[in-house]
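In what follows, a structure is listed as structure tokens, so that the remarks can point back to it.
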Ligand code: NAI
Ligand code: MG
């Protein structure tokens, strides 16, 4: 049975790295005999906005809702359209409407990439950040009072629900159970935030009773950020609320080198709606059009997508292909300039697709 993938390149280098991701996915599909059916969409881009006055067509929910997954590039061209319009009008609509309540980011130091953390080798850093993606600190509950006076007050509430917390914890515990270290770290701040964070801790405690094989620890978010930098080898699966997860999921990939290789997934684990796979980087207007963008983040997104669609082996083969080419180094492989090489986007994409094909 074929699986249907909606391809949305968006803006800037999204248009350059998406074709490389598809090339790699097609190599994996041939090797593992998968049927992937790609369909391209030009909306969720600033050019679409300039032509139509909106980022998405009116019926986007119907157009995209039936797909098995969304492979997304990047959105935003601040010189053409302000970011709050382009991002809120597209990506954030997808995440919310398709109830992608898990934001998943692997933080893995790849061979051949120098970590900004001194002395770290591949193998030292290999963990996931699991961020709650729909509630928590990012609620729109609150308001402003006595505006313009000395007594001005602003309030914004945190909303945590039992269902909302339990579903992200369950996902994180399940992920930890599938990994060899079986370790889960929870980000908290119950010493300072005295109602919601103790509740989060309570839910972690209760969930952990269903997973006796998982080694669970927790850190306050302040020391946790320090430990990401000082002891990244301590972590395996790190689960956090929306705000804490937002911070950790930028810090984690930053510890593993160039932004060009980092992928992320916005997941609806029940497959009620399509999940969305996008690199961490944006549209990079400063390098767009020169064929030097690193396609690895977008290719790795393809690997995460295959895993989500039930093709673990094919996803792993894509990751192995990326690692093999990176390990070859810039003498042997056409690495892009951000990796210290002189290769182009398409040459690097082709080398990775070949590595995936040849296993
Ligand atoms: P950016 O991630 O696009 O670029 C930051 C820096 O990293 C630039 O110097 C760029 O050249 C470099 N870079 C990024 N990706 C690269 C790659 N694959 N290979 C080599 N170098 C790479 O972030 P920036 O410049 O802050 O944002 C540009 C636009 O992208 C804005 O409109 C922003 O809102 C949007 N954006 C969109 C995101 C998304 O679609 N999820 C995420 C981040 C930014
Ligand atoms: Mg962020």
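Numbering (the working numbering), first residue to last: 13 to 371.
We put the beta carbon where it would ideally sit given N, CA and C, even for glycine.
Residue 198: member of the beta strand (DSSP E) spanning 195 to 200, first to last residue. Under the three-pair Cβ rule at 8 angstroms, the stretch 306 to 323 counts as touching the stretch 269 to 288.
Nearest C-alpha to residue 141 among 26, 152, 120: 120. Cβ atoms of residue 267 and residue 116 stay farther apart than 8 angstroms, at about 17 angstroms.
DSSP places residue 191 in the coil class of the three-state scheme, outside both helix and strand. A distance below 6 angstroms between beta-carbons, with the five flanking residues on each side excluded, links residue 183 to the following residues of its chain, in chain order: 114, 281. The stretch 252 to 259 and the stretch 141 to 158 touch, with no fewer than 3 CB-CB distances between them shorter than 8 angstroms.
Inter-segment contact for the stretch 81 to 94 and the stretch 25 to 32 is present: three or more beta-carbon pairs are separated by less than 8 angstroms. DSSP places residue 300 outside both helix and strand once states are collapsed to three, so it counts as coil. When beta bridges are read from the DSSP output, residue 144 appears opposite 114.
Taking a 10 Å sphere around the C-beta of residue 185, we find 16 or more other C-beta atoms and assign the residue as buried.
With a cutoff of 8 angstroms on beta-carbon distance, residue 169 and residue 180 are scored as not near each other. By the neighbour-count criterion, in which a residue is buried when 16 or more other Cβ atoms sit within 10 angstroms of its Cβ, residue 32 is buried.
Judged by the Cβ position, residue 294 qualifies as a neighbour of the ligand NAI at the 7 angstroms threshold, a heavy atom of the ligand being closer than this.
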